[in-house]
RNA sequence: GCGGGUGUAGCUCAGUGGUAGAGCGUCACGUUGCCAACGUGAAUGUCGUGAGUUCGAAUCUCAUCACCCGCUCCA
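This is the structure in structure tokens:
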């Protein structure tokens with residue numbers, strides 16, 4: 089399919105029509121950045137998470153040195169002690185007040201803007217400029233000189249300079265913005281922290297303020313010692329978690345891609361610093377291979393190693409695993425595999441225990457003492473679910489059912505359907521026991537209503553890989569047909585062979 | 001956050017001031033012989049929401065919400 093917004097609109101319509109994804113609170117006009125999964129979408133996303141948990145935690149890939157390693161899971165609370173977010177850097181670093189200019193459409197950090205004004209004049213105009221920018225300051229000086237009807241620079245004794253943050257907001261209507269010539273274009277400073285705030289307990293004051301977690305990772309770090317002490321794990325090992333996280337995005341967009349409430353599938357893998365590069369490359373490659381194993385074609389999947397200028401301050405290396413969604417010309421991040429060094433354990437060691445090395449471990453063999461390095465493959469469950477939907481969407485106008493969803497069998501919400509060709513001549517009686525047997529093991533549907541073509545078409549839109557049809561021949565020789573979703577081809581198999589057929593075709597679920 | 005666009009049935013949309021519509025889908029009954037068949041019938045609408053103008057508003061005005069596009073942002 090062409091990669092464009094028209095394709096995306098078709099996908100969105102199909103998801104609504106067939107019950108994959110609904111807008112949250114739709115009957116009340118919706119709410120931006122929040123989405124619900126319908127019956128098919130819920131099965132799909134559950135399959136995504138189950139596949140991840142099985143392949144990464146219960147049966148992880150073999151390590152780079154050919155040895156197996158341990159993976160264990162945790163399920164942490166969404167609301168944590170606010171000190172967690174101070175230690176992690178989420179509170180301090182990202183609450184900068186910003187001002188917008190209504191005229192120039194520019195946005196400035198309020199603490200990086202100063203104003204020039206005439207000394208002693210409490211009613212005159214003030215001229216804003218970027219504090220560290222001489223050009224901007226001289227521009228403001230010229231405007232002040234013009235305002236005072238004298239030549240620039242204005243004598244220093246007639247000028248007062250002060251930070252924008254020291255100007256009361258009710259006087260902002262006297263300020264000329266850094267890129268304008270008019271007064272009153274700057275908004276009052278506004279906080280842009282992306283964390284959702286709430287209050288714990290009945291009193292809503294500063295001491296009860298808490299945050300909905302903006303990532304699941306910190307719950308893992310906070311429990312690092314608990315897991316070490318209770319689980320007999322030895323480095324190298326990983327702790328995994330699937331759970332909701334919340335970011336109060338300024339501008340949610342692109343369907344479910346940037347939601348304010350979303351689910352993460354995160355691993356924090358702890359290893360010896362000397363081996364951390366090896367493990368980083370191992371997880372990067374393992375995670376790419378995982379997406380490919382679930383049917384994401386490699387030309388839509390683009391790993392992108394971040395440049396040094398792009399890396400967060402805590403990260404030694406990071407690869408974004410990106411996918412080419414129909415809503416964008418550029419690939420978008422599904423997962424980040426980050427080499428975080430010992431940043432997180434050091435930060436929590438220092439904040440919670442008073443010293444950076446509080447979470448150091450001792451290597452049994454070498455007696456070496458070190459704070460483990462962390463490799464973090466952090467995947468978005470909703471993002472991959474959306475990628476799986478986009479990847480599955482096919483349109484072929486030559487088919488009776490032009491739209492069909494080619495989900496990988498492991499991800500398909502419904503694995504099989506059982507249809508009597510027509511609802512008479514004993515066909516339903518043969519079909520029903522087959523259906524009852526299949527549904528013990530696989531999500532399966534039975535349908536005897538309406539024409540066979542319409543039933544196939546419905547299953548095509550749901551992405552069901554196989555349809556078993558009982559026809560007139562079934563009564564005579566005990567065979568039924570299997571219809572393949574992807575090419576609409578059919579073959580006959582003995583009706584007793586249905587379970588074996590599905591086991592062979594679907595493999596490990 | 002800024003600018004532009006769109007909002008009418010489950011989906012796609014028509015409806016420019018005077019009775020709320022179509023196609024597809026859904027459901028029921030009949031029929032059925034492998035790809036959204038056919039016949040008959042049925043259900044489904046806060047016309048995104050709230051104000052205003054008007055004798056009368058899906059239609060005009062304002063506000064607001066949601067979505068799409070382009071910027072901005074994205075620890």
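Numbering (this note's numbering), first residue to last: 89 to 597. Just so it is clear, CB atoms sit at the ideal spot from N, CA and C, and this is done for glycine as well.
Please state the DSSP three-state secondary structure of residue i.
i, result
"residue 457", "strand"
"residue 466", "strand"
"residue 130", "helix"
"residue 496", "coil"
"residue 172", "helix"
"residue 406", "strand"
"residue 203", "strand"
"residue 242", "coil"
"residue 475", "helix"
"residue 582", "strand"
"residue 99", "helix"
"residue 142", "helix"
"residue 434", "helix"
"residue 247", "strand"
"residue 89", "Since pLDDT at residue 89 reaches only 48, below the 50 mark, its modelled position is unreliable, and the value read off the structure follows with that caveat. Three-state DSSP puts residue 89 in coil, outside helix and strand."
"residue 396", "helix"
"residue 216", "strand"
"residue 414", "coil"
"residue 589", "helix"
"residue 119", "coil"
"residue 594", "helix"
"residue 274", "strand"
"residue 387", "coil"
"residue 105", "helix"
"residue 428", "strand"
"residue 263", "strand"
According to the neighbour-count rule (16 or more other Cβ atoms, all chains shown, within 10 Å of its Cβ), is residue i buried or exposed?
i, result
"residue 647", "Since the first residue of the chain shown is 89 and the last is 597, residue 647 is not available in this structure."
"residue 401", "exposed"
"residue 559", "buried"
"residue 243", "exposed"
"residue 268", "buried"
"residue 470", "buried"
"residue 434", "buried"
"residue 150", "exposed"
"residue 216", "buried"
"residue 135", "buried"
"residue 157", "buried"
"residue 410", "buried"
"residue 326", "buried"
"residue 259", "exposed"
"residue 508", "buried"
"residue 538", "exposed"
"residue 288", "exposed"
Since residue i contacts residue j with CB under 8 Å, what's their CB separation in whole angstroms?
i, j, result
"residue 333", "residue 375", "That belief does not hold up - the Cβ atoms of residue 333 and residue 375 are roughly 19 Å apart, past 8 Å."
"residue 126", "residue 107", "3 Å"
"residue 451", "residue 360", "7 Å"
"residue 516", "residue 536", "5 Å"
"residue 336", "residue 283", "7 Å"
"residue 246", "residue 207", "6 Å"
"residue 273", "residue 265", "5 Å"
"residue 567", "residue 582", "6 Å"
"residue 198", "residue 324", "Between residue 324 and residue 198 the Cβ distance is about 45 Å, and since that is not below 8 Å, they are no contact."
"residue 382", "residue 175", "Not confirmed; about 35 Å, so no contact."
Would you say the beta carbon of residue i is closer than 7 Å to some non-hydrogen atom of the ligand COA?
i, result
"residue 336", "Of the ligands one can find in the structure shown there are none, so the ligand COA has no counterpart to examine."
Cβ contact (3+ pairs, closer than 8 Å) linking the region 545 to 552 and the region 502 to 509:
A contact between stretches requires three or more CB pairs, one per stretch, nearer than 8 Å, and the region 545 to 552 meets this requirement with the region 502 to 509.
Please specify which runs of the alpha helix (DSSP H), each continuous and at least 4 residues long, are wholly inside the region 276 to 348, giving them in chain order.
Within the region 276 to 348, the runs of alpha helix (DSSP H) at least 4 residues long that lie entirely inside it are, in chain order, 305 to 310, 312 to 319.
Check whether the region 450 to 457 and the region 419 to 430 are in contact - that is, three or more C-beta pairs closer than 8 Å.
no
Taking contact to mean 3 or more Cβ pairs, one atom from each stretch, closer than 8 Å, check whether the region 346 to 363 and the region 459 to 470 are in contact.
yes
Just checking, does the region 223 to 230 make contact with the region 297 to 313 on the three C-beta pairs under 8 Å criterion?
no
Could you tell me whether the region 126 to 146 touches the region 387 to 400, where touching means 3 or more Cβ pairs closer than 8 Å?
no
Suppose only complete runs of 3+ residues qualify. What are the beta strand (DSSP E) ranges in the region 482 to 550, listed by chain order?
491 to 493, 504 to 508, 532 to 534
Does the pairing of the region 473 to 487 with the region 92 to 106 give three or more beta-carbon distances under 8 Å?
Yes, since at least three Cβ pairs between the region 473 to 487 and the region 92 to 106 fall closer than 8 Å, the two stretches touch.
Evaluate the contact criterion for the region 246 to 255 versus the region 301 to 311: three or more CB pairs, one atom per stretch, below 8 Å.
Output reads no: the region 301 to 311 does not touch the region 246 to 255.
Does the structure place the region 166 to 173 close enough to the region 306 to 321 that three or more beta carbon pairs sit under 8 Å?
yes
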